[in-house]
Amino acid sequence: MSVISVALPVPMRRTFDYLATEISPGCRVAVEFGRRQLVGVVMANKAASDYPIEKLKPIHTQLDNKPVLTTTMLELAKWLADYQHHAIGDVVQTLLPAALRKANPLQQATLDYYELTELGETQLAEPMRAKQQQALLSMLSNGQQLHSEVRQSFSAAVIRTCEAKSWINTISQPVKPDLKWWHKLAVATKPTPNAEQALAIAAINAKDKQFAPFLIEGVTGSGKTEVYLQVIEPVLQQGRQVLVLVPEIGLTPQTVARFERRFGIAIGVLHSGLNDNERLAVWQQAREGSIGLVIGTRSAVFTPFADLGMIIVDEEHDESYKQQDGMRYHARDVAVLRAQRCQCALVLGSATPSLESLNNALVHKYQLLQLHRRTGSAELASQNVLDMRGQQLQAGIAHPLLEKMHTHLSAGGQVMVFVNRRGYAPALVCHQCGHVEQCQRCDIPYTVHKKLAKLQCHRCDDVQAIPTTCNQCGSRDLMSQGVGTEQLEQFFNQAFLKHSCVRIDSDSVRGKDKLAKLIDAINQNQHQILIGTQILSKGHHFPLVSLVVVLDVDGALFSPDLRATEKLAQLLTQVSGRAGRENRNGEMWLQTHYPDHPLLQDLINNGYAHFARQALAERRAAVAPPFAHQTVFRAEANDIALVERFLSDVRDVLARQSSLTLMGPVPAIMFKRAGRFRMLLIVQAAARPLVHKSIASQLSFIESMPSANKVRWAIDVAPTDL
Ligand code: ADP
Ligand code: ZN
Ligand code: ZN
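In terms of UniProt numbering, the sequence shown opens at residue 1 and continues consecutively.
As structure tokens, then:
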């Protein structure tokens with residue numbers, strides 16, 4: 001008998017000992033834990049336990065004969081648990097695909113597809129009134145489609161009806177391992193790289209089988225993706241695998257299609273829309289080495305590989321790479337570690353690199369590769385500021401900008417209007433007494449949604465009917481204040497009768513497929529005016545857009561958040577990068593009450609690259625990240641006193657450690673949400689190891705403090721927001 005230490009899905013920062021004959025680490029076991037039965041993963045076999053042997057329970061069932069988590073993945077789990085101060089059991093759960101978190105055996109994966117039946121084929125030849133059903137049949141007439149693909153595009157009701165009428169069928173097919181996938185590589189013709197691209201490609205390809213991190217700082221449309229494609233190629237030719245991470249919004253069918261077209265091999269795609277089985281299939285194929293290329297969002301960084309040869313992180317500055325609850329991690333940081341461990345190249349790319357990565361490049365930890373110019377003859381959009389003070393406004397837009405819209409539209413260009421507020425208006429105000437309708441649980445104004453005829457809280461999603469009288473004075477004189485996407489849409493539909501207007505925000509675009517279809521329609525010039533939020537700023541190419549108008553960014557100029565200016569500069573640069581991709585001289589106009597603000601001036605006159613280096617100099621002077629390390633204790637509860645108590649206790653414990661700077665407890669930027677008060681304690685020092693050691697040495701004491709049980713708390717290492 002040996003002592004088996006098992007990582008279990010419980011919030012305790014430790015493993016648990018059981019008895020059995022030896023079991024290889026990485027195998028799953030079912031064990032009794034209290035009165036429950038849990039599935040855990042064997043971490044080690046030991047000769048002895050800190051507990052009396054006679055009290056240890058036997059392992060109930062051994063679920064795997066061979067490890068499901070390889071040694072590499074177990075080591076990654078241990079590193080993550082230590083680095084993030086997180087419960088090992090929870091980390092191990094995160095690394096397991098959902099299908100393996102239950103007591104199911106690991107089998108060869110099978111996938112479910114929908115296919116068209118003969119009856120369906122006959123039906124498709126008939127004229128149909130139900131357009132959605134017809135669209136589904138025509139989608140399947142091109143061949144079978146994965147369940148999740150179909151479900152992303154069609155409602156359950158449409159699918160059910162087509163099944164009931166026997167027009168479509170489900171077939172299950174086992175995933176066949178293909179251990180010689182690289183024999184199928186069929187590289188399509190590719191453009192000749194320009195001089196800067198060629199330098200970048202040569203630099204990356206020069207490093208073979210060693211850890212070599214690169215940062216590609218390339219303006220939008222400078223051909224970064226083309227560089228990725230060309231550096232991946234020799235790695236795939238050697239039969240080594242490649243992981244490409246993309247931001248959530250960047251993973252569209254077009255992105256995947258571009259890689260497929262280039263290499264002609266199957267690609268494992270990982271995103272949140274997959275079902276457990278589909279996710280498991282990609283995980284398994286990558287692990288056994290039967291797939292060469294995996295493209296995925298944040299959590300794809302935990303994919304096991306048989307022989308990983310390169311990692312690419314596209315739009316490395318994107319916020320979606322940071323997991324903000326549960327086990328908080330930054331996919332970019334995990335990618336760095338994985339590349340280090342498997343001695344391979346790591347390519348980070350962005351038009352607007354994060355200050356962290358840029359700093360690493362400037363101190364030569366990463367090799368910096370710059371692409372200054374757009375490919376072809378397309379120029380970057382000119383960037384301009386419009387002083388809106390005293391200007392006449394319509395739907396919040398200054399008159400000169402409406403004129404510009406007319407000019408561009410008449411010349412056949414498309415116009416993109418960017419505003420970061422969805423809904424009709426950001427507040428409902430009483431014209432008599434000034435009362436603003438607020439969400440009681442978050443203390444922020446409700447957003448008016450006319451289409452839904454509701455008020456909605458954008459922090460907790462609470463929904464209320466729009467009141468007809470003021471809750472404070474009873475007046476009927478209620479008016480909406482400020483402008484959201486819905487209102488702009490309504491206004492443009494009246495003001496630009498000859499042009500079609502389309503709104504792209506999280507209300508109007510649900511599901512990746514819907515967005516992809518809209519983008520296609522825009523690029524076919526079915527719409528000329530695009531209104532949108534964040535979604536519009538990321539990654540997509542809009543070749544016909546010649547004017548970008550940006551509204552409502554003044555708030556970010558005065559935010560208490562250290563990163564607000566960095567985020568704003570990234571946003572403005574990315575938004576303006578959507579314009580003028582095809583031989584068209586694009587312009588970006590930003591309207592503001594603060595045209596002389598130094599940040600705007602620097603950005604407009606000198607560009608992001610200059611701004612970012614300037615911002616780094618300021619951070620250095622202020623001894624702020626990345627020139628200091630921060631780890632944050634976050635706590636929340638319904639009773640603010642409990643939150644303060646806990647964080648003050650943590651502060652007292654850590655205050656005994658010299659060399660730490662402690663700030664707080666201070667309110668989080670999002671102070672109140674859904675009735676809970678949220679505060680934080682910032683622990684800072686010159687270097688991460690100092691902070692790490694201090695917290696690690698006090699953590700079990702902190703966990704045992706009475707005040708710790710009364711709040712929900714978490715540790716956030718190197719937070720990206722406060
Ligand atoms: P980014 O990823 O920086 O936005 P892309 O790689 O998508 O840039 O390139 C923008 C466009 O230019 C794409 O249509 C791409 O096919 C094209 N392109 C990239 N590099 C070249 C090149 N060397 N010659 C011609 N066209 C190129
Ligand atoms: Zn009132
Ligand atoms: Zn709310």
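Cβ atoms here follow ideal geometry from the backbone N, Cα and C, with glycine treated the same way.
None of the values given here were measured: they were computed from a predicted structure.
| Check | Outcome |
| --- | --- |
| Bridge partners - residue 330, DSSP secondary structure assignment | 322 |
| Under the three-state DSSP convention, the category residue 633 falls into | strand |
| Residue 438 beta carbon near ligand 2 (any heavy atom closer than 7 Å) | no |
| Ligand 1 heavy atom lying under 7 Å from the CB of residue 224 | yes |
| Beta-carbon contacts of residue 17 that lie in its chain and below 8 Å, excluding the five residues immediately before and after | 3, 4, 5, 6, 46, 49, 50, 51, 56 |
| Classification of residue 439 by the beta-carbon crowding that lies within 10 angstroms, buried from 16 upward | buried |
| Inter-residue Cα distance where the pair is residue 425 and residue 118 | 51 Å |
| Reduced DSSP secondary structure (H/G/I, E/B, other) of residue 217 | strand |
| Closer than 7 Å: residue 192 CB and nearest ligand 1 heavy atom | yes |
| Residue 330: CB within 7 Å of a non-hydrogen atom of ligand 5 | This structure does not include ligand 5; its bound ligands are ligand 1, ligand 2 and ligand 3. |
| Inter-residue Cα distance where the pair is residue 649 and residue 363 | 38 Å |
| Length of the line joining the Cα atoms of residue 112 and residue 423 | 38 Å |
| Between the CA atoms of residue 409 and residue 521 - distance to the nearest angstrom | 17 Å |
| Element boundaries [beta strand (DSSP E), containing residue 713] | 712 to 717 |
| Spatially closest choice to residue 421 from 59, 532, 223, by CA coordinates | 532 |
| Expected contact under 8 Å - CB spacing of residue 374 and residue 607 to nearest Å | No, residue 374 and residue 607 are not in contact; Cβ-Cβ is about 13 Å, not under 8 Å. |
| Rounded C-alpha distance that separates residue 692 from residue 550 | 41 Å |
| For residue 491: DSSP bridge partner residues | According to DSSP, which records beta bridges pairwise, residue 491 is partnered with nothing at all. |
| Residues of its chain near residue 194, where Cβ-Cβ distance is below 8 Å and the 5 sequence neighbours each way are ignored | 223, 373, 375 |
| Heavy atom of ligand 2 within 7 Å of residue 475 beta-carbon | yes |
| Residue 465 CB to nearest heavy atom of ligand 3 below 7 Å | no |
| Continuous beta strand (DSSP E) assignments of at least 3 residues falling wholly in the segment 152 to 202 | 168 to 174 |
| Straight-line Cα distance separating residue 103 from residue 688 | 39 Å |
| Same chain, Cβ closer than 6 Å to residue 515, five either side skipped, listed in chain order | 509 |
| Whole-Å CB distance - residue 349 paired with residue 216, under 8 Å assumed | 4 Å |
| Presumed contact (8 Å Cβ cut-off) between residue 344 and residue 309, rounded CB distance | 5 Å |
| Span separating the alpha-carbon of residue 201 from that of residue 554 | 40 Å |
| Segments assigned beta strand (DSSP E), at least 3 residues, entirely inside the segment 36 to 68 | 36 to 46 |
| Boundaries of the alpha helix (DSSP H) in which residue 144 is found, first to last residue | Counting along the chain, residue 144 falls outside any alpha helix (DSSP H), and DSSP gives it neither H nor E. |
| Paired residues, beta bridge with residue 383 - DSSP | 588 |
| Nearest residue (CA-CA) to residue 14, options 89, 471, 697, 506 | 89 |
| Option in 80, 683, 504 with minimal Cα separation from residue 535 | 504 |
| Closer than 7 Å: residue 422 CB and nearest ligand 3 heavy atom | no |
| Bridge-paired residues (DSSP) for residue 448 | 425, 455 |
| Residues near residue 168 by beta carbon distance below 8 Å, same chain, minus five either side | 114, 115, 116, 117, 120, 136, 137, 140, 159, 162 |
| Stretch pair the segment 316 to 323 + the segment 238 to 255: three plus CB contacts closer than 8 Å | yes |
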